[in-house]
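Structure below.
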């Protein structure tokens, strides 16, 4: 570990809760490996608007190089940055802020991190059809980035409700700004969902079903079949193999968990702050070992 001096730069994550974050482990090792004089800390910020506004101003006042944001701050930050990227315009959520000499620029690396994790396994989303389970923030980031990167058709399936209705509005905005067609399917309509799966090259679970406290569950209805040429990704990384991935593997599908997305979204933030690529391989080894021992 490098010595902290009067010139050591600071980055961090604003979250609530913050103690569970893996980001300090990831970024501090990356700073060490790239010999960048910087440290990364987790800051637990109260959820009220006034406290969050002060936290954002502290990025300027204390000259942090930037921060990551976790829920519930990803949407709140839209009102406090000076500008934001195209993917943020589509997603309406920020997970990374860059401090450019006091000017705060918002980015969202979640979707790009997902796409880069696919690319690491030689999976190209362009001209492909995909089905996404869930319609929360992670689903929106992935759908928007896949549309920007050339996916032709995206099916999104979730239970009917407020989140389903909100996603419809986001989907229309993404369709207007890309060449991608997005269709929402109530997960109760299993025949329609099955048709979507037959048409798809990629299935992505973005729901929490499969992780604590929902171990043993999956968002995919049991009656649905997966064809063997389907690539199946579950963005959950603990456990490493969810029930969905176990099912997909038994059907001969290529499977991947969410560890790659976690690391690649962090790597993109690291490069935005430093201008240098994050050393992916040793970071992956460290995070994998940490998760096994936790």
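Residue numbers (full-length UniProt numbering): 1 to 294.
Note that CB positions come from ideal geometry on N, CA and C, so glycine has one too.
As the structure is a prediction and not an experimental result, all values here were calculated from the model.
Closest residue to residue 24 among 16, 150, 11 (Cα-Cα distance)
Ranking 16, 150, 11 by Cα distance to residue 24 puts 11 first.
Identify, in the order they occur along the chain, each residue of the same chain with its Cβ nearer than 7 Å to the Cβ of residue 81, setting aside the five sequence neighbours on each side.
94, 97, 104, 105, 106
Report the partner residues of residue 103 according to the DSSP bridge assignment.
100
Taking contact to mean 3 or more Cβ pairs, one atom from each stretch, closer than 8 Å, check whether the segment 256-264 and the segment 51-69 are in contact.
no
As a quick exercise: from 147, 203, 133, pick the residue whose alpha carbon is nearest that of residue 253.
203
Quick check: the Cα distance between residue 100 and residue 189, rounded to an integer number of angstroms?
Between residue 100 and residue 189, the alpha-carbon positions lie close to 48 Å from each other.
Terminal residues of the alpha helix (DSSP H) in which residue 166 lies:
Start and end: 162-177.
Classify residue 87 as buried or exposed, calling it buried when 16 or more other Cβ atoms lie within 10 Å of its own Cβ.
buried
Just reading off the alpha helix (DSSP H) that residue 232 is part of, what are its end residues?
Here residue 232 belongs to no alpha helix (DSSP H); instead the beta strand (DSSP E) covers 231-234.
Within 10 Å of its beta-carbon, does residue 84 have 16 or more other beta-carbons around it, so buried, or fewer, so exposed?
buried
In the UniProt domain "SDH C-terminal" (258-284), which residue ranges form an unbroken alpha helix (DSSP H) of at least 4 residues, counting only runs that do not cross its ends?
259-274
Our contact map puts residue 218 next to residue 244 with C-beta atoms below 8 Å; I'd like the distance itself, whole angstroms only.
With a Cβ gap of about 4 Å, residue 218 and residue 244 count as contacting.
My output table needs one value for residue 243: the three-state DSSP class, helix, strand or coil.
Looking at residue 243 - three-state DSSP - the assignment turns out to be helix.
Between the beta-carbon of residue 134 and the beta-carbon of residue 192, is there less than 8 Å?
no
For residue 133, report the span of its beta strand (DSSP E) as first-last.
129-133
Reduced DSSP secondary structure (H/G/I, E/B, other) of residue 126:
Residue 126: coil per DSSP, three-state reduction.
With a cut-off of 8 Å, do at least 3 Cβ pairs link the segment 167-179 to the segment 139-148?
yes
With residue 263 and residue 236 assumed to form a contact (beta carbons below 8 Å), what rounded beta-carbon distance in angstroms separates them?
Residue 263 to residue 236, Cβ: 14 Å. No contact.
How far does the beta strand (DSSP E) with residue 39 in it reach, from first residue to last?
From DSSP, the beta strand (DSSP E) with residue 39 extends over 38-44.
Classify residue 229 as buried or exposed, calling it buried when 16 or more other Cβ atoms lie within 10 Å of its own Cβ.
exposed
Taking just the CA atoms, how far does residue 92 sit from residue 78?
7 Å
Is it buried or exposed for residue 6, if we count other Cβ within 10 angstroms and need 16 for buried?
exposed
Considering only residues of the same chain and omitting the five flanking positions on each side of residue 76, which have a CB-CB separation below 6 Å?
52
Counting C-beta neighbours from all protein chains within 10 Å, is the total for residue 162 16 or more, i.e. buried, or is it exposed?
exposed
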